[in-house]
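Single-structure report; data block below.
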Amino acid sequence: MTAPRRGGPFPVELAEGDDWSTWALTTAQLDTLRTRAEKIVDIQPAERGSEGWRWRLKAKRTVGTVRFGSGEDAVQLRITPKVPVDRLLHLLAHAPDRARWDHGLVDTAAREELFPAVARTFVRTAERALRPGPLSGYQGREDTSTTLRGRLRVAAQLRRRPGLALPLEVAYDEHTPDILENRLLLGAARRLARLPGLEPSVRSRLCGLDVLLDGVTAPAPGARLPVWTPTRLNARYGPALRLAELVLRGASFEYADGRRVRVDGLLLNMEKVYEDFLAAALGAVLQRRAGGRPQPHPRTHHLDDRREHVLLPDLVHLLPDDGGALRPAVVVDAKYQEGLRRENLYQMLAYCTRFGLHEGHLICVAGDVDGTAVRVPAPGGTITLHRHVLDLSLPRQALTARLDDLGRTILRARTPAARPGA
Numbered sequence: 023m024t025a026p027r028r029g030g031p032f033p034v035e036l037a038e039g040d041d042w043s044t045w046a047l048t049t050a051q052l053d054t055l056r057t058r059a060e061k062i063v064d065i066q067p068a069e070r071g072s073e074g075w076r077w078r079l080k081a082k083r084t085v086g087t088v089r090f091g092s093g094e095d096a097v098q099l100r101i102t103p104k105v106p107v108d109r110l111l112h113l114l115a116h117a118p119d120r121a122r123w124d125h126g127l128v129d130t131a132a133r134e135e136l137f138p139a140v141a142r143t144f145v146r147t148a149e150r151a152l153r154p155g156p157l158s159g160y161q162g163r164e165d166t167s168t169t170l171r172g173r174l175r176v177a178a179q180l181r182r183r184p185g186l187a188l189p190l191e192v193a194y195d196e197h198t199p200d201i202l203e204n205r206l207l208l209g210a211a212r213r214l215a216r217l218p219g220l221e222p223s224v225r226s227r228l229c230g231l232d233v234l235l236d237g238v239t240a241p242a243p244g245a246r247l248p249v250w251t252p253t254r255l256n257a258r259y260g261p262a263l264r265l266a267e268l269v270l271r272g273a274s275f276e277y278a279d280g281r282r283v284r285v286d287g288l289l290l291n292m293e294k295v296y297e298d299f300l301a302a303a304l305g306a307v308l309q310r311r312a313g314g315r316p317q318p319h320p321r322t323h324h325l326d327d328r329r330e331h332v333l334l335p336d337l338v339h340l341l342p343d344d345g346g347a348l349r350p351a352v353v354v355d356a357k358y359q360e361g362l363r364r365e366n367l368y369q370m371l372a373y374c375t376r377f378g379l380h381e382g383h384l385i386c387v388a389g390d391v392d393g394t395a396v397r398v399p400a401p402g403g404t405i406t407l408h409r410h411v412l413d414l415s416l417p418r419q420a421l422t423a424r425l426d427d428l429g430r431t432i433l434r435a436r437t438p439a440a441r442p443g444a
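Right, dumping it as structure tokens:
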């Protein structure tokens, strides 16, 4: 049990995956945690002592360091990941266009502070992406000008300056580095540069990214992130952009009512990290072994014919049918949990039914369900729901081998012999 101290925010240190720990919190500190950290920690009353109630705290699936509140109600919450930092960096630095991880992206020191390590990984990845120079693209602009550039915005001209020849309301396309990809990199670099505890050399390199991205507008703090689309043109940005998304998502906090606010610190949702990693890394394995095209986190599939209910599997892999058209051939869902719940099976059954598949694959991070299956009789034949385990604590080479083995297993399950009732 830890008691409050005077001076500065009250420090609460938890570890992901640990059991309940007991803390003596003031009423103001308790209110801060209940109102600001509802998605980060669980809170229960423990016992009543001579100084008041003591409270039990337990971390959920978010790791990081963040400060909530001010004055006497301020709490500094630190949650360490259960995955060693060097393994977590591998998850963060995944690259779907590589069959193997680039070991140069990640420091091999196994035990160190999380966010300074994230900053080093990001700056190295971003520098590599920007080495040939920042990407540029055409962006639509609207402006007032004394000369005609692009096209005249007639409606705006008549509304703002009826009867006047000049100035002109114009619209044009400008070739500029101020594009979505560069905005995400700049936002993440500035966010990480504000973290305490960074080495001066890393902070200097982050500031150097700011110089390289001169003329780029960073995302507004706390705003919802725009979605970028992987293309041939931005392929070299891929690893850096995925890290940037995680950093920027960790720089804001969402309340129960959907409001997002900027936080004083940085948080990572381990469930999201795992889903992103598995979709990208396993998708790369399937593509290398069978061809086709992976769809990580697609939002283009719907459960109903009116397209009102979006299906959200973590990975759909497309393979050519007899006519050569790419169609869903593999569906995978990541579960950052030990074992599976009944609703996970129902969810995967819906995916298989909608895609017309005889197999679905659920991959959790722990448990004794590896290699087992649930067989569901269906009108078109038996649907088999496979259950696998991917242990994130494995050394990186073993984890790479395990992913490759999962890819072989998933593709082998598509053979007619593995589909009784197909």
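FYI, the numbering for the sequence shown is 23 to 444, going by this note's numbering. Even glycine gets a Cβ: it sits at the ideal position worked out from N, Cα and C. Small disclaimer: the values here were computed from a predicted structure and weren't measured.
Quick one: is residue 66 buried, meaning 16 or more other Cβ sit within 10 Å of its Cβ, or exposed?
By the neighbour-count rule (16 or more Cβ atoms within 10 Å), residue 66 is not buried but exposed.
Tell me the rounded alpha-carbon separation between residue 36 and residue 163.
Rounded to whole angstroms, residue 36 and residue 163 show a C-alpha spacing of 48 Å.
From residue 110 to residue 87, what distance separates their C-alpha atoms?
Straight-line Cα distance between these residues: approximately 16 Å.
Between 267, 204, 228, which has its C-alpha nearest residue 239's C-alpha?
Closest by C-alpha distance to residue 239, out of 267, 204, 228, is 204.
Three-state class that DSSP yields for residue 427 in the structure shown:
DSSP places residue 427 in the helix class (H, G or I) of the three-state scheme.
Residues in the same chain with beta-carbon distance under 7 Å from residue 105, minus the five sequence neighbours each way, listed in chain order, please.
Counting only residues of its own chain and dropping the five nearest sequence neighbours on each side, residue 105 has a CB closer than 7 Å to the CB of 414, 415.
CA-CA distance, residue 182 and residue 242?
Cα to Cα, residue 182 sits roughly 29 Å from residue 242.
Taking the straight line between their C-alpha atoms, what separation do you get for residue 130 and residue 85?
Summary for residue 130: the model assigns pLDDT 36, below 50, so the residue's position carries little reliability; its value from the coordinates is reported in the next sentence. Residue 130 and residue 85 have their C-alpha atoms roughly 20 Å apart.
Rounded to a whole number of angstroms, what is the C-alpha to C-alpha distance between residue 166 and residue 233?
CA-to-CA, the gap between residue 166 and residue 233 works out to about 29 Å.
Distance check for residue 343 and residue 226, CA to CA, integer angstroms please.
Between residue 226 and residue 343, the C-alpha separation is close to 52 Å.
Quick one: residues in its chain with C-beta nearer than 8 Å to the C-beta of residue 202, no 5 flanking neighbours on either side, listed in chain order?
Cβ within range, chain order: 248, 250.
Span of the alpha helix (DSSP H) around residue 301:
That run of the alpha helix (DSSP H) goes 292-312.
Rounded to the nearest angstrom, what separates residue 418 and residue 304 at their Cα positions?
As the crow flies, the alpha-carbon of residue 418 is around 14 Å from that of residue 304.
Starting from residue 363, trace the alpha helix (DSSP H) both ways and give me its first and last residue.
Where residue 363 is concerned, there is no enclosing alpha helix (DSSP H), because DSSP gives it neither an H nor an E.
Are there 16 or more other CB atoms within 10 angstroms of the CB of residue 160, so buried, or fewer, so exposed?
The residue is exposed, with fewer than 16 neighbouring Cβ atoms inside 10 Å.
For residue 232, the three-state DSSP class (helix, strand or coil)
Residue 232 falls in the helix class under three-state DSSP.
Of the residues 262, 82, 336, 308, the one placed nearest residue 156, counting alpha carbons only
Its Cα nearest to that of residue 156, the residue 262 stands out among 262, 82, 336, 308.
Throw me the rounded Cβ distance for the residue 380 and residue 422 pair, which I believe falls under 8 Å.
Not a contact, Cβ separation roughly 29 Å.
Residue 149 in three-state terms, based on DSSP
Residue 149 falls in the helix class under three-state DSSP.
Is the separation between the beta-carbon of residue 266 and that of residue 210 shorter than 9 Å?
Taking 9 Å as the Cβ cut-off, residue 266 and residue 210 qualify as a contacting pair.
Proximal residues to residue 33 (C-beta, below 6 Å), its chain only, five neighbours per side dropped
The answer, listed in chain order, is 98.
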